[in-house]
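*Asks:* One structure is given below, represented as structure tokens, and several questions about it will come after.
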Amino acid sequence: MPLDGKIKLKAEHLCKIYFSSKGDMDAVEDISLEVKENEFLVILGPGQCGKSVFLNMLCGLEEPTNGKIYRDGTEIHGTDEKISMVFQRMAIMPWKNSMQNVEMGPKYHGVNKNVRRQSGMRFLEMVGLKGFEGSYPRQLSGGMKQRVGIARAYNADAEILLMDEPFGALDAQTRYQMQDEILRIWEKDRRTILFVTNNIEEAIYLGDRIVLLSKRPAVVKEIYDLSHLPRPRDNVSRSFMEMRKEITDAMDLGLE
Amino acid sequence: MEQMIRESKKREALGRMKKESIRNLCLGIVGIAGLLLLWDMVARFGIIPKNLIVSPWEVVKTLAIKMSDTKPEGSLLLAHITSSLIVALSGYALALLIGIPLGLLMGWYKAIDRLIGPVFEVLRPVPPIAWIPFTIIFLGIGLEAKAVIIFLSAFIPCLINSYSGIKLTNQVYVNVAATCGASRWETFCRVGIPSAMPMVFAGMRISLGNAWSTLVAAEMLAANKGLGYMILMGRTYGRVDLIMSGMVMIGILGIIFNAVFDRVERFVLRWRVTR
């Protein structure tokens, strides 16, 4: 498995504190992490633990209070062309149709219209939305909207895809479908994926490795290597259940 | 369900829908007819003295006569309408051209808000009518002066709505644009502005109403044409029919504006979930 690949993304002692005269909020205490190339890494943590803040720092939306981020061995600051993001919910623009949403990345990077239309079509096709290029988000279901989000992240020409609880707002049925879908897409077109979730089952189903975070302020609590679980994974198999028990016991549920 | 039953159920449902839309149309017609009837009664039986009110039919007659007769105030109906349209629309266009961009920029860039916000807050409570004498001093009594009065009444809702509309932009969309590599200006153009559009349109609608209803006040500025002028002259000559014809005409044109506006809005905001 890709576990001995080269290091694609590295976070070194990342820390985020929101300072305020009314009292500081420590969101992320200290996270150091190495993500291998083309790995599917899941970041698992209880609700409100600072996982989204961590992702936002990686993609440059928030500035770390302390610590460094390296991509392919070079330190990066702010947003990076090679890093794209799939957001939690409703992050596709309602005034743009599927194609216009998907081609946002190339467009802002100045790619010629014909070229970006072509690659847009390719990725819309890949996520199973062929024929829906001209549809507006209001005409799409929740699962389809999230597919648009995934196609957009892929189309940004990014080598690293950050996914912030992308299926959190979907109903249970669609969620299972989308989990299979993201694996299918990833196997077809390998990229480095950092997938954030608070759902243990989802984490084990998807990840090559799972990084378990503590409750806020977040630190890395444990890293699980799941490469011994063959894909596609069976979420009622014995090994799956054992893993699930182990992680459940280790996870802070965030209750004080 | 069996095909036959399905078909007949569908016919039934479509029939119900059609019946309902016919009923709604009838209710609207009955409402208008009722008003006309009441108006006619009041005029016919002298509930309000004859020299203070005319019947709807006389209004129609006066409007028809005014198509080809310049008496008593000196212009044809069409000339009045054209003149009013030019005044109202130029003031309105000016309000959109200045109010919307200014509101959007103020809502997006904090520094602009801090700079212009206080000025705007000071000027805002002054009613448009209060500007009339001031405007006459500076611009005289021509088209410019009238357009400015209308501009002042239409400008404020445009600005306020654009401002609050763009302030409501969902932060997630801004983040998406940022991770896609959009600059701050691109984000303003491609995310801020479209997401503010529904509110901008609501403001434009209020402004249109304001512009049209300030028309008469603006035409009090010694105009020699325009529907407001026609109404004023009606009073001078003691011609109630002329006054009421002017009022009816303003109402009808208002309805037409609104209908056109609806069309434009539905086209521009076609991405929105239909109400």
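These protein sequence lines map, in sequence, to chains A and B. Read in order, the letters of the first sequence are residues 1 to 256 in my numbering. Read in order, the letters of the second sequence are residues 257 to 531 in my numbering. Note that CB positions come from ideal geometry on N, CA and C, so glycine has one too.
Name, in chain order, the residues that DSSP records as bridge partners for Asn66(A).
*Replies:* As a working mapping, residue 66(A) is identified with position 66 in the first sequence. Note: Asn66(A) sits in a beta bridge opposite Cys15(A).
*Asks:* In chain order, what residues of the segment 427-440 of chain B put their CB closer than 8 Å to some CB of chain A?
*Replies:* From the segment 427-440 of chain B, only Val428, Tyr429, Asn431, Val432, Ala433, Ala434, Thr435, Cys436, Gly437, Ala438 and Ser439 have a Cβ closer than 8 Å to chain A.
*Asks:* How is Met25(A) classed by DSSP in three states: helix, strand or coil?
*Replies:* Position 25 of the first sequence, counted from the first residue, corresponds to residue 25(A). Strand at Met25(A).
*Asks:* Between the segment 59-85 of chain A and chain B, which residues of the former have a C-beta closer than 8 Å to a C-beta of the latter?
*Replies:* Those would be Cys59, Gly60, Leu61, Thr79, Glu81, Ile83, Ser84 and Met85, in chain order.
*Asks:* Check whether the Cβ atoms of Lys221(A) and Ala250(A) lie closer than 8 Å to each other.
*Replies:* For the purposes of this step, residue 221(A) is taken as residue 221 along the first sequence, with counting starting at 1. For the purposes of this step, residue 250(A) is taken as residue 250 along the first sequence, with counting starting at 1. A contact, by the Cβ cut-off of 8 Å.
*Asks:* If you measure beta-carbon to beta-carbon, which residues of the segment 123-154 of chain A are closer than 7 Å to chain B?
*Replies:* Listed by position along the chain: Tyr136 and Arg138.
*Asks:* Kindly indicate which three-state DSSP category Phe240(A) falls into: helix, strand or coil?
*Replies:* Working through the first sequence from its first residue, we reach residue 240(A) at position 240. Correct three-state label for Phe240(A): helix.
*Asks:* Relative to the ligand HEM, is the shortest distance from any of its heavy atoms to the C-beta of Asn431(B) smaller than 7 Å?
*Replies:* Only the bare structure without any ligand can be found here, which leaves the ligand HEM out of the picture.
*Asks:* Is DSSP giving Ala158(A) helix, strand or coil here?
*Replies:* As a first step, residue 158(A) must be located in the first sequence, where it is residue number 158. Three-state result, Ala158(A): coil.
*Asks:* If contacts are defined as beta-carbon pairs under 8 Å, then Phe87(A) and Gly207(A) qualify, I think. What distance do you get, rounded to the angstrom?
*Replies:* Indexing the first sequence from 1 puts residue 87(A) at position 87. Indexing the first sequence from 1 puts residue 207(A) at position 207. 20 Å between Cβ atoms; not a contact.
*Asks:* Using a Cβ-Cβ cut-off of less than 7 Å, give me the residues of the segment 292-314 of chain B that come near chain A, in sequence order.
*Replies:* So nothing in the stretch comes that close.
*Asks:* Can you name the residues that DSSP bridges to Asp30(A)?
*Replies:* As a working mapping, residue 30(A) is identified with position 30 in the first sequence. Answer is Val219(A), bridged to Asp30(A).
*Asks:* State yes or no: is the beta carbon of Trp364(B) nearer than 8 Å to at least one beta carbon in chain A?
*Replies:* Working through the second sequence from its first residue, we reach residue 364(B) at position 108. False, the Cβ-Cβ gap to chain A never drops below 8 Å.
*Asks:* Which residues in the same chain have their Cβ closer than 6 Å to the Cβ of Asp369(B), if we skip the five residues on either side of it in sequence?
*Replies:* Position 113 of the second sequence, counted from the first residue, corresponds to residue 369(B). Taken in chain order, the residues that qualify are Met362.
*Asks:* Which residues does DSSP list as the beta-bridge partners of Glu75(A)?
*Replies:* Residue numbering aside, residue 75(A) sits at position 75 when the first sequence is read from its first letter. Answer by DSSP bridge pairing, in chain order: Tyr70(A).
*Asks:* State the CB to CB distance for the pair Arg117(A) and Glu103(A), rounded to an integer number of angstroms; the pair is presumed to be in contact (CB under 8 Å).
*Replies:* Here the question's residue 117(A) lines up with position 117 in the first sequence. Here the question's residue 103(A) lines up with position 103 in the first sequence. So it is a contact: roughly 7 Å between Cβ atoms.
*Asks:* Using DSSP bridges, identify the partner residues of Ile43(A).
*Replies:* Reading the first sequence from its first residue, position 43 is the one you call residue 43(A). Per DSSP, Val196(A) and Val211(A).
*Asks:* Can you grab the Cα-Cα spacing for the pair Arg461(B) / Leu332(B), in whole Å?
*Replies:* Reading the second sequence from its first residue, position 205 is the one you call residue 461(B). Reading the second sequence from its first residue, position 76 is the one you call residue 332(B). The straight-line gap from Cα to Cα measures roughly 29 Å.
*Asks:* Going by C-alpha distance, which of Asn198(A), Lys113(A) and Asn66(A) is nearest Arg244(A)?
*Replies:* The sequence position of residue 244(A) within the first sequence is 244, counting from 1. That would be Asn198(A), whose Cα lies nearest to the Cα of Arg244(A).
*Asks:* Please confirm if Glu256(A) has its CB atom under 8 Å from at least one CB of chain B.
*Replies:* Looking up residue 256(A) in the first sequence gives position 256. For Glu256(A), the pLDDT reaches just 45, beneath the cut-off of 50, and the residue's location in the model is therefore unreliable, although a value from the coordinates is still provided. For Glu256(A), the answer is no, since every Cβ of chain B falls outside 8 Å of its Cβ.
*Asks:* Check whether the Cβ atoms of Pro357(B) and Trp95(A) sit closer than 8 Å, and answer yes or no.
*Replies:* On the second sequence, residue 357(B) is found 101 positions in, with the first residue counted as 1. On the first sequence, residue 95(A) is found 95 positions in, with the first residue counted as 1. No. Outside cutoff.
*Asks:* Between Ala410(B) and Phe444(B), what straight-line distance do the alpha-carbon atoms span, to the nearest angstrom?
*Replies:* Translated into the one-based positions of the second sequence, residue 410(B) becomes position 154. Translated into the one-based positions of the second sequence, residue 444(B) becomes position 188. Approximately 24 Å between the Cα atoms of the pair.
*Asks:* Quick one, which residues of the segment 383-414 of chain B are near chain A if we go by CB-CB under 8 Å, in chain order?
*Replies:* Hits within the stretch: zero.
*Asks:* Determine whether the Cβ of Lys275(B) lies closer than 8 Å to any Cβ atom of chain A.
*Replies:* The count along the second sequence starts at 1 and reaches residue 275(B) at position 19. No, no contact with chain A.
*Asks:* For a test of the three-state rule: what should DSSP assign to Lys107(A), helix, strand or coil?
*Replies:* As a working mapping, residue 107(A) is identified with position 107 in the first sequence. Helix, per DSSP.
*Asks:* From Lys51(A) to Arg522(B), what does the alpha carbon distance come to, in whole angstroms?
*Replies:* On the first sequence, residue 51(A) is found 51 positions in, with the first residue counted as 1. On the second sequence, residue 522(B) is found 266 positions in, with the first residue counted as 1. Looking at the two C-alpha atoms, the distance is approximately 41 Å.
*Asks:* Do you know whose CA, among Glu159(A), Asn101(A), Leu226(A) and Tyr136(A), lies nearest Lys82(A)'s CA?
*Replies:* Position 82 of the first sequence, counted from the start, is the residue given in the question as residue 82(A). Taking only the C-alpha atoms, the option nearest Lys82(A) is Glu159(A).
*Asks:* Which one or two residues does DSSP pair with Lys36(A) in a beta bridge?
*Replies:* Mapped onto the first sequence, residue 36(A) falls at position 36. DSSP, once it has assigned bridges, lists Ile7(A) as partnering Lys36(A).
*Asks:* Skipping 5 residues on each side, what residues in its chain have a beta carbon closer than 8 Å to that of Met453(B)?
*Replies:* One-based indexing of the second sequence puts residue 453(B) at position 197. Taken in chain order, the residues that qualify are Gly421, Val524 and Leu525.
*Asks:* Per DSSP, what are the beta-bridge partners of Ile259(A) in this structure?
*Replies:* Outside the modelled stretch of chain A, which goes from 1 to 256, sits residue 259(A), for which no answer is possible.
*Asks:* Whole angstroms are fine: how far does the CA of Ile17(A) sit from the CA of Lys188(A)?
*Replies:* As a first step, residue 188(A) is located in the first sequence; it is residue number 188 there, counting from the start. As a first step, residue 17(A) is located in the first sequence; it is residue number 17 there, counting from the start. One C-alpha to the other measures close to 39 Å.
*Asks:* Met1(A) by DSSP, collapsed to three states: which one?
*Replies:* The residue given as residue 1(A) occupies position 1 in the first sequence. Any answer about Met1(A) is weak, because its pLDDT of 45 lies below 50 and its placement is not dependable; what the coordinates show is given next. Three-state result, Met1(A): coil.
*Asks:* Less than 8 Å between CB atoms is the rule here; does Trp527(B) satisfy it with respect to chain A?
*Replies:* In the second sequence, the residue the question calls residue 527(B) occupies position 271. It does: the Cβ of Trp527(B) has a partner Cβ on chain A nearer than 8 Å.
*Asks:* How should Asp80(A) be labelled, buried or exposed, when 16 other C-beta atoms within 10 angstroms of its C-beta is the threshold for buried?
*Replies:* As a first step, residue 80(A) must be located in the first sequence, where it is residue number 80. Buried, since its Cβ has 16 or more Cβ neighbours within 10 Å.
*Asks:* Please state whether DSSP places Tyr224(A) in a helix, a strand or coil.
*Replies:* Residue numbering aside, residue 224(A) sits at position 224 when the first sequence is read from its first letter. Reduced to three states, the DSSP call for Tyr224(A) is strand.
*Asks:* Please report whether the beta-carbon of Met57(A) lies at a distance below 8 Å from any beta-carbon of chain B.
*Replies:* Residue 57(A) sits at position 57 when you count from the first residue of the first sequence. Taking Cβ atoms only, chain B never reaches closer than 8 Å to Met57(A), which makes this a no.
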